[in-house]
Structures are given as C-alpha cells and as structure tokens.
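Colleague: After the structure tokens below, expect a handful of questions from me.
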Amino acid sequence: MHQFIRKQFVKTDLQTCWDFFSSPANLKRITPSYMGFDVKTEVPTKMYEGLIIAYTVKPLLGIPVEWVTEITHVKDKSFFVDEQRKGPYTMWHHEHHFKEVDGGVEMTDIVSYIIPLGIIGKMMHPFLVKPKLEEIFAYRFKIVDEVFG
358 MHQFIRKQFV KTDLQTCWDF FSSPANLKRI TPSYMGFDVK TEVPTKMYEG
408 LIIAYTVKPL LGIPVEWVTE ITHVKDKSFF VDEQRKGPYT MWHHEHHFKE
458 VDGGVEMTDI VSYIIPLGII GKMMHPFLVK PKLEEIFAYR FKIVDEVFG
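Rendered as structure tokens:
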C-alpha cells in the first residue's frame, strides 16, 4: 500500500472552505481539464455519508475509465472520506481534513491506495502513478490558491 499526504494553507474561514470542498459540484473545477473528468450522476449541493458519485476520468493516454466513489464518513467542518468502489485502483481511501488555524484553514489530504497489476503495478508506481498524483494535486493546489488567494 502507498500513501500520499499533502497539506495546504487556505486563506479563508473554515465555513467557506468546508462549503467549497464538501460540494461535489466543485470536483471538476479542481481537476486538470486533460483528465476529462465528467460527473455521471446527479449530485446534491452538499455531500453526505453514503453518497455514491460516478465519474468518467481519463488518467492515461486519454482512455476513459469509470470511477465510482462513496462518501463513507463526514464530520461537519472537520473531515470527510471518499473511497473508491469501482475504478483504476485496487484500493483508494482519501481523507480530507480541515483545521482552523491563524489566518485561514490548514487542509490535509491523506490518500492511501493500492495499485493493481502486482509487480507491474509496483514497477509503474514511481514512474507513472506517483508523479501523476503529484501533478494532479499540484494543479489542485494552484486552483485553490487562485480561488481563495
């Protein structure tokens, strides 16, 4: 299993930050356009435990992949968790944590994941999967700074 952790300081109050990130409608906005991210299910304005969201995403070579996640845990203005139910990973568990700090919000993402394809997947991780995750989160970091900067 691999783990990817990123922290970002967001220059806004906790309620505004929570409202932005807990709205499934903002997922596409913080995802690079080349990923072809397209939400396939109707989504509410606010997430809730048990919410299932289906997307199409094109992570490699423009090949569309169906990805289905479930919001498994929500603690208002503190954290939420999404877990893959169908998609490119053997396991995907993404924690989103929010903590009010002086001048804004410290947001922490903890992604725990297992790559499929056994030894081939393990060999691809440092050259393909990890750099792609870093690139996606770097884009997200930039957009969040623009939105709240």
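In our numbering, the protein residues as written are 358 to 506. Beta carbons: idealized from backbone N, C-alpha and C, even for Gly. Being a predicted model, the structure only gives us computed values, none of them experimental.
#1: When you compare only the Cα positions, how much space is there between Ser-379 and Ile-362?
#2: Over the uninterrupted beta strand (DSSP E) stretch that includes Ile-428, give me the two end residues.
#3: Could you give the DSSP three-state label for Tyr-470: helix, strand or coil?
#4: Distance check for Met-464 and Val-486, CA to CA, integer angstroms please.
#5: Report all residues from its chain with a CB closer than 7 Å to the CB of Tyr-496; omit the five preceding and five following residues, and keep chain order.
#6: Where does Glu-503 sit, in a helix, a strand or coil, going by DSSP?
#7: Leaving aside the five residues before and after Ile-500 along the sequence, list all residues of the same chain whose C-beta is less than 8 Å from its C-beta, in chain order.
#8: Where does the unbroken beta strand (DSSP E) through Thr-413 begin, and where does it stop?
#9: Residue ranges of each beta strand (DSSP E) run of no fewer than 3 residues wholly in the segment 440-471, ordered along the chain?
#10: In whole angstroms, give me the CA-to-CA distance for Lys-456 and Glu-440.
#11: Could you please give me the residues that DSSP links to Lys-364 through a beta bridge?
#12: Could you name the residues of the same chain whose beta carbon sits closer than 6 Å to that of Val-462, not counting the 5 residues immediately before and after it, in chain order?
#13: Quick check on the DSSP output: what are the complete beta strand (DSSP E) runs of length 3 or more inside the segment 375-408, in order along the chain?
#14: Can you check whether the CB of Lys-403 is closer than 7 Å to the CB of Val-425?
#15: Determine, using beta carbons only, whether Val-438 and Thr-447 come nearer to each other than 7 Å.
Modeller: Taking the geometry as given:
#1: Sequence index remark: in the sequence shown, residue 379 carries index 22 (1-based). Sequence index remark: in the sequence shown, residue 362 carries index 5 (1-based). When rounded, the distance between both Cα atoms is 19 Å.
#2: In the sequence shown, counting from the first residue as 1, residue 428 sits at position 71. Element bounds for Ile-428: 422-432.
#3: Position 113 of the sequence shown, counting from 1, holds the residue named residue 470. Of the three classes helix, strand and coil, the one that applies to Tyr-470 here is strand, per DSSP.
#4: Position 129 of the sequence shown, counted from the first residue, corresponds to residue 486. Position 107 of the sequence shown, counted from the first residue, corresponds to residue 464. Their Cα atoms are separated by approximately 23 Å.
#5: Reading the sequence shown from its first residue, position 139 is the one you call residue 496. Cβ within range, chain order: Pro-389.
#6: Looking up residue 503 in the sequence shown gives position 146. Note: Glu-503 maps to helix in three-state DSSP.
#7: The count along the sequence shown starts at 1 and reaches residue 500 at position 143. Arg-386, Ile-387, listed in sequence order.
#8: Counting from 1 along the sequence shown, the entry for residue 413 is found at position 56. Taken as a continuous stretch (DSSP letters only), the beta strand (DSSP E) holding Thr-413 covers 409-414.
#9: 448-458, 461-471
#10: Sequence index remark: in the sequence shown, residue 456 carries index 99 (1-based). Sequence index remark: in the sequence shown, residue 440 carries index 83 (1-based). Approximately 21 Å, taken between the alpha carbons.
#11: What you label residue 364 is simply residue 7 of the sequence shown in a count that begins at 1. Note: Lys-364 sits in a beta bridge opposite Thr-465.
#12: The residue you call residue 462 lines up with position 105 of the sequence shown. Excluding positions up to five away in sequence, the list reads Val-367, Leu-371, Cys-374, Phe-455.
#13: none
#14: Counting from 1 along the sequence shown, the entry for residue 425 is found at position 68. Counting from 1 along the sequence shown, the entry for residue 403 is found at position 46. Taking 7 Å as the Cβ cut-off, Val-425 and Lys-403 do not qualify as a contacting pair.
#15: Sequence index remark: in the sequence shown, residue 438 carries index 81 (1-based). Sequence index remark: in the sequence shown, residue 447 carries index 90 (1-based). No, they are not a contact pair.
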